[in-house]
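> For the protein sequence lines, the chains are R and G, in the order given. Terminal number for the first sequence in the working numbering: 240, no gaps in between. Terminal number for the second sequence in the working numbering: 240, no gaps in between. Note that beta-carbon positions come from the ideal geometry of N, C-alpha and C, so glycine has one too. Here it is, the structure in full.
There are 2 protein chains.
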Amino acid sequence: SLHRIKASGLKLQLCTNETQATRESFVRKLRALGFDISVAQVTAPAPAACHLLRERGLRPHLLVHHDLVPEFAEIDKTNPNCVVLGDAAENFTYANLNEAFRLLIGMEKPVLISLGKGRYYKETDGLKLDVGAYMKALEYACDIQAEVVGKPAKRFFESALAELGVPPEQAIMIGDDIVSDVGGAQRCGMRALQVRTGKFRPSDENHPEVKPDAYVNNLAEAVDIILQEL
Amino acid sequence: SLHRIKASGLKLQLCTNETQATRESFVRKLRALGFDISVAQVTAPAPAACHLLRERGLRPHLLVHHDLVPEFAEIDKTNPNCVVLGDAAENFTYANLNEAFRLLIGMEKPVLISLGKGRYYKETDGLKLDVGAYMKALEYACDIQAEVVGKPAKRFFESALAELGVPPEQAIMIGDDIVSDVGGAQRCGMRALQVRTGKFRPSDENHPEVKPDAYVNNLAEAVDIILQEL
């Protein structure tokens, strides 16, 4: 399907909430699976966070996955004035959570930037709490609201559109997550198709707030429809 | 002050949200400090939880402090159909949190019982996230509401009153926490004094929702006032 999009001359951008790896290693994995994708074609929360940190002169304390740390290599992390939270997995220790909490509660105006707000996800050895759960813990303890930079944040889709160089009405989002993918893209002025694969659940078709522009059975069918419309 | 209360013939009950130790070891610590207190004079969240578990035929998976486990010795914990959450401290590991989460999300109607909802507390080596933060993490991940059995739950004060054998209008709560101690007791029909020690902060005197029946500088002054009124 990606080859057909490329051959048609359409532009393509991958929007992922992956925060357990750098874009480089994410792309390496995709290329090994046969997907012809470059790093510039990936919009991910960590680079979006770096953009925001630079813009506001923020120096983060990182509570993220080991493999994500290189994304923040160029960012000044001395004397932190905010906390950046990602899916830290094994780094979500009691000591690390207390450390992030102490830094936040010690700030005059605590700033917590979260790379997502997922509830949980599935790995081969079972379900795992996602970054959103730990975000809620820190929000409650500090009585603050985190700023979320991954999907479904409007800014996130805007930066993907900027990368593509097209206005929202000329872009179509294809995703399996009714809220993060479909809802987020639509709020940004894009059309959005939901695929009936991956995270899709039949109950999504009765979602109280989000209604995709269309459902498709899979990515191939989404590409068929888009190419027909051209 | 406790001696003076005892000498006056007044009944005394200690209401604590302590969940890092059994009542036995809590009382041992108090007695070592010179306080003449018995186990029956202590109302604490773990025994309250045991009462609730028995009443509803619930078999808990425990995510609590090692030293609290003996409080649940008599409770059937096979094939758990609920999770009991306390201030587990070092037991708040990534693995243990995922395990509690998986049990909850696997239940048809997840039941999470929390021994408190504190945000954080201070120890000699610094501030620590309290049970409330981890409760919020699990609530969010499972999209549920926990049942809180410690202060300020109404049930908790009711069980202290039952232990004393007096109606609420004949009891006075003395505490340093404006919400957990004063607010909780008042909602139960008791009068409540706030001491200006411990957790007390000057901003408590402008609390938007809770107003103590009186402020006192310390426990001794509270006892003075009570004995004068007799």
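How would you label residue 118(R), buried or exposed, when you count the other beta carbons within 10 angstroms and need 16 or more for buried?
exposed
> Buried or exposed: which applies to residue 83(G), given that a residue is buried once 16 or more other Cβ atoms fall within 10 Å of its Cβ?
exposed
> Determine, for residue 137(R), whether the minimum Cβ-Cβ distance to residues of chain G falls below 9 Å.
yes
> Can you pull the chain G residues whose beta carbon is under 7 Å from the beta carbon of residue 144(R), in chain order?
Result: 147.
> Taking Cβ positions only, does residue 166(R) come closer than 9 Å to chain G?
Closer than 9 Å: no.
> Answer yes or no: does any C-beta atom of chain R fall closer than 9 Å to that of residue 125(G)?
no
> From the DSSP output, in three-state form, read off residue 119(G) for me.
coil
> When you compare the CB of residue 99(R) with every CB in chain G, is at least one pair closer than 9 Å?
Yes, contact with chain G.
> Could you name the residues that DSSP lists as bridge partners for residue 71(R)?
93(R)
> Tell me the DSSP bridge mates of residue 52(R)?
24(R)
> Pull out every residue of the region 198 to 215 of chain G whose Cβ sits closer than 9 Å to any Cβ of chain R, in chain order.
none
> Please confirm whether residue 27(G) has its beta-carbon closer than 9 Å to some beta-carbon of chain R.
no
> Which residues bound the beta strand (DSSP E) around residue 132(R)?
130 to 133
> Could you check if residue 164(G) is buried or exposed, using at least 16 other CB atoms within 10 Å of its CB as the buried criterion?
exposed
> Taking only beta-carbon positions, decide if residue 103(G) is within less than 9 Å of chain R.
Yes, contact with chain R.
> Could you check if residue 96(R) is buried or exposed, using at least 16 other CB atoms within 10 Å of its CB as the buried criterion?
buried
> Are the C-beta of residue 151(G) and some C-beta of chain R separated by less than 9 Å?
yes
> Does the Cβ of residue 81(R) have 16 or more other Cβ atoms within 10 Å, making it buried, or fewer, making it exposed?
Buried: at least 16 other Cβ atoms inside 10 Å.
> For residue 225(R), which beta-bridge partners are listed by DSSP?
204(R)
> How about the region 86 to 94 of chain G and the region 34 to 48 of chain G: do they share at least three Cβ pairs that are nearer than 8 Å?
Under the Cβ criterion (8 Å, minimum of three pairs), the region 86 to 94 of chain G does not count as touching the region 34 to 48 of chain G.
> Note down the Cα distance separating residue 93(R) from residue 21(G), rounded to an integer number of angstroms.
49 Å
> Per DSSP, what kind of secondary structure is residue 138(R) in: helix, strand or coil?
In the structure shown, residue 138(R) sits in a strand (DSSP, three-state: E or B).
> From residue 27(R) to residue 54(R), what does the alpha carbon distance come to, in whole angstroms?
6 Å
> Should residue 160(R) and residue 29(R) be called a contact, given that it needs their Cβ atoms to be closer than 9 Å?
yes
> Is DSSP giving residue 157(R) helix, strand or coil here?
The answer is strand: DSSP assigns residue 157(R) an E or B state.
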